[in-house]
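Below you'll find the structure, written out as structure tokens, and then a few comments.
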Amino acid sequence: MTSLMTRSGADIYDVTWLDSGQLGRNGLLADMGAWLENDAELGGDIVFRDILLSGITEKGVFSAPIDFYLRKLFVPQAGELSGELPVENKRMTWREFFDKADGLDHQRGRYYGLFDIQVFMERFVSRLSDFIDETGNTENLNSGEMVSLLEECRDWRDMGLCADSRDHKAYYEESCLYGAVSLSDYKIAEMLCTLPEDCKTEYYIAAPMPYDGDPVGTAGNGRYPELETFQGVAHYGVNAGSPRAEAAQDFLRFLLSEEAQEKMLGSSVHIGAYGFRLPVNRAVFRGMVERDLERIQGSAGTVGLDFPGLIGEAEGTVDQIAYIVIEKPYYRTIIRSVAKDFFLDGISVEEAARQMSDKVGLYLKEQG
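If you count the sequence shown from 1, position 87 lands on 88 in this note's numbering, and the numbers rise without skipping.
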């Protein structure tokens with residue numbers, strides 16, 4: 002960050018954990034919009050265009066994603082759990098999700114692998130614009146809305162619907178999002194296209210990530226799918242002070258090429274806390290889904306799957322995405338730190354809201 006602010010240092014940066022939009026507005030990252038829009042090697046038949054341009058702001062495009070997560074909630078099959086939680090093609094709010102889980106005669110909260118702090122952070126990030134106005138550099142964190150959000154997540158924890166962050170032992174012994182399932186049982190294709198029932202795994206259900214209110218960024222575009230949310234992973238930006246900006250763009254172009262993406266992502270399935278890490282390059286994506294379908298067909302015996310149709314359906318699902326969620330690392334760090342004190346019973350809910358407001362307010366003042 003120091004070298005970038007002095008307009009020295011590297012020509013290209015991984016800005017995944019930096020606020021690339023703010024850095025771009027401050028003139029520290031180059032606007033790549035014209036290049037990304039017009040480069041023939043980055044056309045819609047080569048890469049997922051909407052995902053590639055998801056870093057766009059009102060001032061330009063200051064970062065480009067190399068890959069992205071397909072985010073789902075992995076719920077192990079557990080008797081009546083699968084019948085009580087309708088997850089097929091149905092996105093639910095967090096309230097609806099936990100209302101469905103409440104009242105089951107077994108405690109399955111920990112099977113979701115979600116701690117109280119994680120649930121709160123998911124909900125906060127999805128409602129960021131309700132609490133922080135980045136354009137005006139103002140915040141509304143010391144409010145009844147924040148108090149209610151904190152209290153509701155705490156209540157779900159106390160009801161046993163999500164894991165208790167005070168019980169550190171649970172983190173190591175209970176199932177997390179992917180802990181209850183053998184990694185070999187994960188199927189990208191099952192998340193993205195329609196498979197026959199006898200091809201689906203017996204061990205888990207892939208539930209869409211719940212959301213608060215309308216899914217983030219959906220206003221007016223009508224393109225957000227009802228199945229999953231996506232999140233950026235590796236974002237790269239070019240130093241605005243670099244004398245080698247064109248060479249840096251060449252390197253970014255290479256990272257998005259079939260050759261590089263196959264080496265980085267295509268040879269194996271990368272699984273993170275919330276799902277699969279997928280390439281932005283279409284050819285590598287298609288190859289990854291095809292290999293997954295081959296494994297599925299092999300394990301299912303004689304089933305003849307329509308590979309071209311299923312691959313096309315999977316690709317079409319990703320094409321519906323009009324954006325991906327880009328992390329706001331500074332807000333996330335501040336809010337999570339205070340939320341941790343609250344959920345560990347260190348401070349009251351009113352004090353938590355006040356501290357969030359004071360600390361984020363100071364950060365916004367510095368940005369102004």
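We put the beta carbon where it would ideally sit given N, CA and C, even for glycine. The model shown is predicted, which means the values in this text are computed figures rather than measured ones.
Leu306 and Arg287 have their alpha carbons spaced roughly 15 Å apart. DSSP lists Tyr237 as the beta-bridge partner residues of Ala65.
The beta carbons of Leu196 and Ile297 sit about 7 Å from each other, so the pair counts as a contact at 8 Å. Under DSSP, Thr58 forms a beta bridge with Gly61.
Relative to Pro66, the option among Leu279, Arg155 and Gly313 whose CA is nearest is Leu279. The C-alpha of Gly25 is placed about 14 Å away from the C-alpha of Asp12.
Judged by DSSP in its simplified three-state form, Glu140 adopts strand.
Residue pairing by DSSP places Val361 in no beta bridge whatsoever. Here Phe116 carries a strand assignment [DSSP, helix/strand/coil]. Taken atom to atom, the span from the alpha-carbon of Ile189 to that of Lys366 is near 43 Å. With 16 or more other Cβ atoms inside 10 Å of its own Cβ, Asn282 counts as buried. Contact annotation: Tyr70 and Tyr237 have beta-carbon atoms that are not nearer than 8 Å. Taking 8 Å as the cut-off, the Cβ atoms of Val285 and Glu314 do not count as close.
Three or more beta-carbon pairs separated by less than 8 Å link the stretch 239 to 258 to the stretch 35 to 49, which places the two stretches in contact. Arg333 and Asp100 have their C-alpha atoms some 27 Å from each other.
When C-alpha distances from Ala353 are compared across Thr139, Leu150 and Glu123, the shortest belongs to Leu150.
In terms of CA proximity to Met265, Asp68 leads the group Pro309, Leu115, Asp68 and Glu351. By the criterion of a C-beta distance shorter than 8 Å, Leu53 is surrounded in its chain by Leu37, Leu43, Ala65, Pro66, Leu257 and Val281, once the five residues flanking it on both sides are discounted.
Only residues of its own chain outside the window of five on either side were considered, and among them Thr58 and Phe63 have a CB closer than 7 Å to the CB of Gly22, listed in chain order. If you draw a straight line from the Cα of Met357 to the Cα of Leu19, it comes to about 20 Å. Annotated three-state conformation of Ile312 is helix, per DSSP. Secondary structure of Leu30 (DSSP, three-state): strand. Under the three-state reduction of DSSP output, Thr3 falls in the helix class. In its chain, beyond the 5 residues on either side, Gly242 have a beta carbon closer than 6 Å to the beta carbon of Arg8.
Its Cα nearest to that of Pro211, the residue Phe125 stands out among Asp320, Phe125 and Leu363. At the C-beta level, Val361 and Leu142 come within 8 Å of one another. Ranked by Cα distance from Glu146, the first of Tyr364, Glu351 and Asp359 is Glu351. Apart from sequence neighbours up to five positions away, the residues of its chain that approach Phe343 with a beta-carbon distance below 7 Å are Leu151, Val350 and Ala353, ordered along the chain. Note: Val48 is bridge-paired with Asn282 in the DSSP secondary-structure output. Residue state for Ile133 is assigned as strand, using DSSP reduced to three classes. Looking at the DSSP output, Tyr14 bridges to Gly238. The alpha-carbon separation between Arg96 and Asp213 amounts to approximately 8 Å.
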